[in-house]
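Enquirer: To start, I am sharing the structure in question, which I have written as structure tokens.
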Amino acid sequence: MEYKHTEQSSAQVKEAEATPELATASNATLARAMRLLQSPLSGVQRRKLVQNLGQHYGNRQIQRLVSLLNSSSTTLQRAVLSHSSHPTLAWADFQGAAQASSPLDASTSTGLSANFGASGVLSTENITDDNGQAAVHATFGVPSSRITTNATMNSGRSWVKSGSKTAALLNHEQGHYDISNVFAAKTKTAMEDWVTNNAGDATRPTQRAARNAAQQDWNSHNPRQGLTNIITSGLATWRQVDLDQPTDGEYDVQTSHGTDPDIQAQWDAGIASNLPVYTVP
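Take the sequence shown: its letters are residues 23 to 303, numbered as in the working numbering.
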């Protein structure tokens, strides 16, 4: 599951700016495809879209436009920064066109994603049961390595107005990015804890029987729904704090979009401490 948050009305990358040759395209379907590729599609969805277009159209001009769409998709993907590899923002990361009509001086397009993969055997152990017989104890669930969360910043959709590049404003925008990362970590921890507390558990005479029984026990907890509920809760709390549409989130309300230095300092300290007042789920 993946949800995206864009502060205020973060600027969209114009089609002509992303790929100038598309600005003259007359084909409405391709123009719509360009807009789709600029939306938060997964890599698989983008590749499928480009492949379908390539199969549908045969002339060279259309094939060239499809190639440009694919290139634009790759460029947009590169514009998405991950907090894990790029934790500190600089004004150079704000590549979008500033919105002159916005009351804000800057806008940070942040994102938060959370996913979990297939479940499997977590552990097996040869033991002696209560009757003194050899047995196998097994546990079943989603390994921690298959639980992933990520906080991102879309550079191409984040902007700052000319003359507003102050250290205080950058610090406030960094706060939005860091809040996303805090909730990414909280959501991952909550998911891991849920797996630990609900892992399938069984002891049987053979390894195969123990694994099968542990899997049945795991499935009885409805793990897909349980983990999805945690993701939903984590994203809802994140939006409550960080979202500013249709109403401002708590971070912007309390800091007055970073213009109240005392309250901003309190939030800075809270973020550095992983926002202990907020829990997931």
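Just so it is clear, CB atoms sit at the ideal spot from N, CA and C, and this is done for glycine as well. All of these numbers come straight from a predicted model, not from anything done at the bench.
1. Could you tell me the alpha carbon to alpha carbon distance between residue 117 and residue 185, rounded to whole angstroms?
2. From the DSSP secondary-structure annotation, give me the bridge partner or partners of residue 226.
3. To which residues does DSSP link residue 147 through a beta bridge?
4. Would you decide whether residue 195 is buried or exposed? Buried here means 16 or more other CB atoms lie within 10 Å of its CB.
5. Do residue 102 and residue 174 come within 7 Å of each other at the CB atom, strictly closer than that value?
6. Just to confirm the assignment, what range does the alpha helix (DSSP H) spanning residue 189 have?
7. Using a threshold of 6 Å, is the CB atom of residue 190 nearer than that to any non-hydrogen atom of the ligand ADP?
8. With burial defined as no fewer than 16 other Cβ atoms inside 10 Å of the residue's Cβ, what is the status of residue 119: buried or exposed?
9. Between the Cα of residue 127 and the Cα atoms of 294, 279 and 302, which residue gives the shortest distance?
10. The alpha helix (DSSP H) spanning residue 287 covers which residue range?
11. If I measure Cβ to Cβ from residue 260 and keep anything under 6 Å in the same chain, skipping five residues before and after, which residues do I get?
12. Anyone know if the C-beta pair for residue 304 and residue 235 falls short of 7 Å?
13. For the putative contact between residue 164 and residue 217, defined by C-beta atoms under 8 Å, what is the C-beta separation to the nearest angstrom?
14. Which term fits residue 293, buried or exposed, when burial requires 16 or more other beta carbons within 10 angstroms of its beta carbon?
15. Among 303, 301, 302 and 105, which has the Cα closest to the Cα of residue 197?
16. With DSSP collapsed to three states, give me the class of residue 178.
17. Return the chain-ordered list of same chain residues with a C-beta closer than 8 Å to the C-beta of residue 193, the five sequence neighbours on each side being excluded.
18. If you draw a straight line from the alpha carbon of residue 166 to that of residue 138, how long is it in whole angstroms?
19. Can residue 243 and residue 219 be called in contact, C-beta distance under 7 Å?
20. Using the Cα positions of residue 124 and residue 108, report the straight-line distance between them to the nearest angstrom.
21. By the 10 Å Cβ neighbour count, where 16 or more other Cβ atoms means buried, how is residue 161 classified, buried or exposed?
22. Roughly how many whole angstroms lie between the Cα atoms of residue 343 and residue 240?
23. According to DSSP, is residue 140 helix, strand or coil?
24. Compute the Euclidean distance between the alpha carbons of residue 153 and residue 199, then round it to the nearest angstrom.
25. Which of helix, strand or coil does DSSP assign to residue 102?
26. Taking 7 Å as the cut-off, decide whether the C-beta atoms of residue 150 and residue 229 are in contact.
27. Do you know offhand how far residue 159's Cα is from residue 233's?
28. Distance check for residue 131 and residue 251, CA to CA, integer angstroms please.
Expert: In this structure, then:
1. 15 Å
2. 158
3. 159
4. buried
5. yes
6. Going by DSSP, residue 189 is part of the alpha helix (DSSP H) stretching over 189-220.
7. Because no ligand of any kind appears in the structure shown, any question about the ligand ADP cannot be addressed here.
8. exposed
9. 279
10. Annotation: the continuous alpha helix (DSSP H) that includes residue 287 extends over 283-294.
11. 134 and 205
12. Residue 304 falls outside the range modelled here, since the chain spans only 23 to 303, and no answer is possible.
13. Between residue 217 and residue 164 the Cβ distance is about 5 Å, and since that is below 8 Å, they are a contact.
14. buried
15. 105
16. helix
17. Counting only Cβ-Cβ distances below 8 Å, and skipping sequence neighbours, we find 280, 286 and 290.
18. 9 Å
19. One thing to note: residue 243 has its Cβ no nearer than 7 Å to the Cβ of residue 219.
20. Distance between the alpha carbons of residue 124 and residue 108 is about 27 Å.
21. buried
22. The chain is shown only over 23 to 303; residue 343 falls outside these bounds and no answer can be derived.
23. Look at residue 140 here: in three-state DSSP terms it is coil, with no helix or strand label.
24. 56 Å
25. strand
26. no
27. Answer to the nearest angstrom: the Cα atoms are 8 Å apart.
28. 25 Å
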